[in-house]
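Report on the structure given below.
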Ligand SMILES: [Zn+2]
Ligand SMILES: [Zn+2]
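Residue numbers (our numbering): 76 to 234.
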């Protein structure tokens, strides 16, 4: 068994549309490599920084997530190698393991499709687009439905 404790640079396009890992950012790998009969079992965590935009208030988000990885990399010509598809299970390439697909899958699974800066972010005022966080609690706009406006006009005339 070997442990791998190292920092690698993030590849491009790691993430989703609204949130992801900046290219070249530090990915902190903390992995265990275990030799099993069919190959090498890689397990552990990857700590990745993420940046994105809040889906409600559009402010930038900067956070980090820790994803769990567990992946078997089969030896060439092992039973696993011969009986599974290329995209089902990873393969050892000589002495090398390509961790990128596993890291990519784990990160993408972990990221929210609708990222928010915080769970109770109130977002923007639908009327003026102002940040509700920055506006007074009683911020509102006089909204008079044109039909009611016409009615109140009638009422006034009736007086
Ligand atoms: Zn927000
Ligand atoms: Zn407003």
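Glycine is no exception: its CB is placed at the ideal position from the N, C-alpha and C atoms.
Using a Cβ distance threshold of 8 Å, determine whether the stretch 117-132 contacts the stretch 185-201, with at least three qualifying pairs required.
yes
Please work out which residues of its chain come closer than 7 Å, Cβ to Cβ, to residue 204, disregarding the five sequence neighbours upstream and downstream, and give them in chain order.
Within the chain shown, residue 204 is the residue found at index 129, counting from 1. Counting only Cβ-Cβ distances below 7 Å, and skipping sequence neighbours, we find nothing.
Classify residue 104: buried if its beta carbon has 16 or more other beta carbons within 10 angstroms, exposed otherwise.
Locating residue 104 in the chain shown gives position 29, where the first residue counts as 1. Label assigned to residue 104: buried.
Under a three-way DSSP split, which group does residue 180 fall into?
On the chain shown, position 105 is the one that residue 180 refers to. Of the three classes helix, strand and coil, the one that applies to residue 180 here is helix, per DSSP.
What's the C-alpha gap between residue 212 and residue 219?
Along the chain shown, read from residue 1 onward, the residue named residue 212 stands at position 137. Along the chain shown, read from residue 1 onward, the residue named residue 219 stands at position 144. Taking the straight line joining both Cα atoms gives about 21 Å.
Are there any heavy atoms of ligand 2 lying less than 7 Å away from the beta-carbon of residue 205, as far as the coordinates show?
Locating residue 205 in the chain shown gives position 130, counting from the first residue. Yes.
Return helix, strand or coil for residue 175, following the three-state DSSP convention.
Your numbering for residue 175 matches position 100 in the chain shown. Helix, per DSSP.
Heavy atom of ligand 1 less than 7 Å from the Cβ of residue 191, yes or no?
In the chain shown, counting from the first residue as 1, residue 191 sits at position 116. It does: the Cβ of residue 191 is within 7 Å (strictly closer) of some heavy atom of ligand 1.
Residue 148 versus residue 77 - alpha carbon distance
Numbered from its first residue, the chain shown carries residue 148 at position 73. Numbered from its first residue, the chain shown carries residue 77 at position 2. Distance between the alpha carbons of residue 148 and residue 77 is about 14 Å.
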